[in-house]
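Working notes, beginning with the structure itself.
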Amino acid sequence: MKPEIRNMLGGITGAVVLNLVHEVAKRVSHKAPRVDLLGEEAVTKTVEAMGLEAPTGEVLTASTFVADLASNAGYYAMIGKGDDDTILLRGAGYGLIAGLGAIGLAKPLGLNESTVARTGETKLLTVTFYLLGGLAAALAMKSLR
0 MKPEIRNMLG GITGAVVLNL VHEVAKRVSH KAPRVDLLGE EAVTKTVEAM
50 GLEAPTGEVL TASTFVADLA SNAGYYAMIG KGDDDTILLR GAGYGLIAGL
100 GAIGLAKPLG LNESTVARTG ETKLLTVTFY LLGGLAAALA MKSLR
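First residue of the sequence shown? That's 0 in numbering that gives the first Met the number 0, and the numbers climb one at a time after it.
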């Protein structure tokens with residue numbers, strides 16, 4: 000299998016794991032991060048900044064989900080660049096950076112940071128979920144090598 004395909008499949012795996020963990024967590028805990036709401040806000044503001052009418056309801060939810068999967072899959076796919084010996088470390092590093100970015104960049108980007116940084120527990124869960132996505136991507140890539 001070509002490395003690019005392997006890396007993309009790993010990235011998709013990480014993105015799916017990340018989204019599944021978020022979905023389950025938001026259904027069982029009110030302290031769980033709401034990355035879905037952050038994403039919807041980002042999609043709405045981006046579309047409106049282009050002078051277009053932003054989607055609402057189910058169309059907004061679906062658009063956000065597709066954008067989230069695509070962006071996270073592309074990001075996590077970069078974990079596959081480099082040595083096999085350090086792929087798990089890279090997966091953890093990429094996940095950690097993504098989680099810290101989610102909680103640290105929301106406010107500077109003009110988004111409602113409370114969706115991912117409302118409490119200390121919410122912040123920890125946000126970082127942990129992205130870390131799990133990075134590790135899942137790395138493990139998938141490693142198993143495909």
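Just so you know, even glycine gets a beta-carbon here, dropped at the ideal spot from N, CA and C.
Backbone secondary structure at residue i - three-state DSSP
i, result
"asparagine 111", "coil"
"glycine 81", "coil"
"leucine 37", "helix"
"glycine 50", "coil"
"alanine 105", "coil"
"lysine 1", "coil"
"histidine 21", "helix"
"serine 62", "helix"
"arginine 26", "helix"
"arginine 117", "coil"
"arginine 144", "coil"
"alanine 31", "coil"
Cut-off 7 Å between Cβ atoms - residues of its own chain near residue i, not counting five sequence neighbours on either side
i, result
"leucine 36", "Thr114"
"leucine 99", "Val126"
"alanine 41", "Leu110"
"valine 16", "Leu131, Gly132 and Ala135"
Neighbourhood of residue i by C-beta distance below 6 Å, restricted to the same chain and skipping five residues each side
i, result
"lysine 106", "Glu112"
"glutamate 120", "Lys30"
"isoleucine 159", "The requested residue 159 does not occur in the structure, where the chain is confined to residues 0 to 144."
"tyrosine 93", "Ile78 and Gly133"
"glycine 109", "none"
"tyrosine 129", "Gly94, Ala97 and Gly98"
Residues of its chain near residue i, where Cβ-Cβ distance is below 8 Å and the 5 sequence neighbours each way are ignored
i, result
"aspartate 186", "In the structure as shown, the chain starts at 0 and stops at 144, and residue 186 therefore has no counterpart that could be examined."
"glutamate 47", "Ala53"
"alanine 24", "Ala31, Pro32, Leu124 and Phe128"
Test item: CB-CB of residue i and residue j under 8 Å
i, j, result
"tyrosine 75", "glycine 38", "no"
"isoleucine 86", "alanine 139", "no"
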